[in-house]
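**Q** Note that the UniProt record's numbering has the sequence shown beginning at 1, numbered continuously upward.
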Amino acid sequence: MTLTGPRPDWLTFDCYGTLIQWDEGLMAAISTILSGQAGTVDPGAFISTFDGYEHALEAERPHRSFREVSALALEKTMVAFDRAFDPADAEILTGSIGRMPPFPEVVETLRRLKDAGFKLAIISNTDDAIIAGNVAQLGGVIDRVITAEQAGAYKPSAQIFHHAWKSLGIAREELVHICASPHLDLVAAQDLGFRTIWIDRGTGRKPPEDYRPDARVPTLDHVPGLFQAAGWMQQDSGGRHGA
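Rendered as structure tokens:
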């Protein structure tokens, strides 16, 4: 796939699963929680059920913080699996999120994109306090962090993307959104008409059959090559080249 159109001023990123190792971190947290329970529970099935409750709660009104959403989703999942819920379990989960590390190629690639003159922002379904620990691991190159807490809405709602564009002071044509979550980000892209790159890390998550991203790559370090092919990796303001 070849990217077309004007060179974007901003690159916006989904955080968890795109930059940060969400599935791996969530599996570790859930395994810790379940280790204190009697009997055996398949962590994969547990996480799938948890995801369903989480997304349903995020769509409800009034808006809840992600800390509240994750705690309630965890409680509902524990009940569904006939397990006792302890509020301390929710603290294990939310406390683990900010410590989840970036994927191995992420920090270097973000620096390369920054050196090429792009402004970098994160748009994430989380709270400001939770994501702060993750952003601190990204090498100091992120210009803006826009959360569901700030927007009062979660992806795939258009509200969070409109809030992001207003906050950044840009039109949708001035950005490319880079994400690994097809049903949260790519569905919104189809409706709102911005360009996207799908980081398909092989999780099995797929976009709707009638939607195709502008480009699809397996890891973030393929993105600079796409931009070179599009003629976008030009000299940055500091005189360096994103080669």
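Just so you know, even glycine gets a beta-carbon here, dropped at the ideal spot from N, CA and C.
Going by Cα to Cα distance, which pick from Glu174, Val135 and Thr126 is closest to Leu184?
**A** By one-based count along the sequence shown, residue 184 stands at place 184. It is Thr126.
**Q** Our contact map puts Ala121 next to Trp10 with C-beta atoms below 8 Å; I'd like the distance itself, whole angstroms only.
**A** To locate residue 121, count along the sequence shown from 1; it is residue 121. To locate residue 10, count along the sequence shown from 1; it is residue 10. Ala121 to Trp10, Cβ: 6 Å. Contact.
**Q** Grab the span of the alpha helix (DSSP H) containing Ser70 for me, first residue to last.
**A** Locating residue 70 in the sequence shown gives position 70, counting from the first residue. It spans Phe66 to Ala80 - the alpha helix (DSSP H) in which Ser70 sits, taken as one unbroken run.
**Q** When the Cα atoms are used, what is the spatial distance from Ala28 to Thr219?
**A** Numbered from its first residue, the sequence shown carries residue 28 at position 28. Numbered from its first residue, the sequence shown carries residue 219 at position 219. Rounded to the nearest angstrom, the two C-alpha atoms are 22 Å apart.
**Q** Just the C-alpha distance for Ala164 and Leu175, rounded to the nearest angstrom, thanks.
**A** Counted from its first residue, the sequence shown places residue 164 at position 164. Counted from its first residue, the sequence shown places residue 175 at position 175. Straight-line Cα distance between these residues: approximately 11 Å.
**Q** Should the region 147-159 be regarded as contacting the region 59-72, the criterion being three or more beta carbon pairs within less than 8 Å?
**A** Yes, the region 147-159 touches the region 59-72.
**Q** What separation, rounded to the nearest whole angstrom, lies between the Cα atoms of Arg99 and Tyr16?
**A** Counting from one through the sequence shown, the residue named residue 99 turns up at place 99. Counting from one through the sequence shown, the residue named residue 16 turns up at place 16. The straight-line gap from Cα to Cα measures roughly 12 Å.
**Q** Would you list the one or two residues that DSSP bridges to Ala38?
**A** The residue you call residue 38 lines up with position 38 of the sequence shown. In DSSP, Ala38 forms no bridge with anything.
**Q** Does the region 68-78 come close enough to the region 39-53 to have 3 or more Cβ pairs within less than 8 Å?
**A** With the cut-off at 8 Å, the region 68-78 and the region 39-53 touch.
**Q** Among Ser181, Gln159, Asp221 and Arg216, which one has its Cα closest to the Cα of Leu192?
**A** Your numbering for residue 192 matches position 192 in the sequence shown. Nearest of Ser181, Gln159, Asp221 and Arg216 to Leu192, Cα basis: Gln159.
**Q** Use the C-beta contact count for Asp210: other C-beta atoms within 10 angstroms, 16 or more gives buried, fewer gives exposed.
**A** The residue labelled residue 210 in the question sits at position 210 within the sequence shown. Asp210 comes out exposed.
**Q** Since Leu186 and Cys179 should fall inside the 8 Å C-beta cutoff, what is the C-beta to C-beta distance between them, to a whole number of angstroms?
**A** The count along the sequence shown starts at 1 and reaches residue 186 at position 186. The count along the sequence shown starts at 1 and reaches residue 179 at position 179. Rounded, the Cβ-Cβ distance is 7 Å, consistent with contact.
**Q** Per DSSP, Val176 is paired with what?
**A** Translated into positions along the sequence shown, residue 176 becomes position 176. According to DSSP, which records beta bridges pairwise, Val176 is partnered with Leu11 and Arg195.
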